[in-house]
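Residues 0 to 305 (numbering that gives the first Met the number 0) are what the sequence shown spells out, left to right.
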Amino acid sequence: MRPAALLPATLGGAAPPCLLCAGEAVKEAIAVGYRHIDCAAVYGNEKEVGAALKECIDSGVVSREDLFITSKLWNTDHHRVEEACRRTLEHLQLDYLDLYLVHFPLAFDGKPGCEAPGFEADEAGRAKMMPKSLQDTWRDMEALTDAGLARSIGVSNYEFLTFNDCLAYARVPPACNQIEAHPYFAVDWFVQYCRSKGVAVVAHTPLGGAAANAAWRGGASSPLADDAINAIAKAHGVSAAQVCLRWALQRGTAIIPKSTKRHRLEENFALFEFELSADEMAAVAAVDKDQRSNKSGRNWGIEFKA
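So this is what it looks like as structure tokens:
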């Protein structure tokens, strides 16, 4: 199934990894008009998100059919896919997910439920791997669609070779590939390749990680401070963040910006009130630095970038 809600016009209201603010952020996002809520078991807040969703649905603010709910299989649950999906559904208080993703193409040893730190480590502090192939994981993901637990399935942080392998062995093709993509890490060739295979691209970290990853990046620059992007923002009377997000939409990617503040949610949602010209799109594309923000492998003591 290729969900229509993953067309480029979709704007995902990603729930933040903050237990105290997750529920309120979801309610604010729905009130503003967001309908795609991007979750993950490892964020540790699906119970709070689920309570907020139930409140909004029960009070008539929104219907379940109008929402598009995504969640993700954590690395330690590759050998218990259905159990993990059912746990997420229980926490979110839902009967089905619109989209369920393999969060990373990595199978770790560890306890179910994403208990901190989210993996079992060896003596050197490296994540212990599970003997489970990604093809077998995908077979279990496909079974979720057969059982009606997920209406569509996809992948996240799959780079070229891993993505191609999935296309080759998939009975149910991935509906999307959720990857890091922003003006400083455009990976335009890969975005276009995924789309050529009928797979939607959902851009996570669409603002380049902003200040969140600056410390470990050694103070690497952010597209939000880029002169060219800010000049375009000034010309339209919008923010640099809005220019980055509008560029992402116009080049055919869905986006999942995160925010806990009402004014930021409203600002992000106002992307349909202006349009970038062809020259402006080219100017944003020209600032690409091939600068990846997310290097998750550093958390697990392994070589992995996504």
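Glycine included, every Cβ here is placed at the ideal spot set by N, Cα and C. None of these values were measured; they are calculated from a predicted model.
Query	Result
Per DSSP, the bridge partner or partners of Ala310	Residue 310 is absent from the structure shown; the chain starts at 0 and stops at 305.
Counted within 10 angstroms of its Cβ, other Cβ atoms place Pro130 as buried (16 or more) or exposed	exposed
DSSP state of Asp225 mapped onto helix, strand, coil	coil
C-alpha gap between Met280 and Trp246, whole angstroms	6 Å
8 Å contact criterion, which Ile178 and Ala199 should meet: CB distance rounded	With 8 Å as the limit, Ile178 and Ala199 do not qualify as a contact, their Cβ atoms being about 11 Å apart.
Alpha helix (DSSP H) runs wholly inside the region 180 to 205, at least 4 long, in chain order	187 to 195
Local Cβ density within 10 Å of Trp188, reported as buried at 16 or more and exposed below that	exposed
Contact the region 49 to 56 vs the region 75 to 86: 3+ CB pairs below 8 Å	no
Beta-bridge pairing of Val101 - partner residues as DSSP gives them	Leu72 and Val154
Straight-line Cα distance separating Cys243 from Arg150	30 Å
Same chain, Cβ closer than 6 Å to Asp225, five either side skipped, listed in chain order	Val286
Check whether Ile100 and Ser155 have beta carbons under 7 Å apart	Reading off the sequence shown, one finds Leu at residue 100, where the question assumed Ile. Against a cut-off of 7 Å, the Cβ pair of Ser155 and Leu100 comes out as a contact.
Reduced DSSP secondary structure (H/G/I, E/B, other) of Ile36	strand
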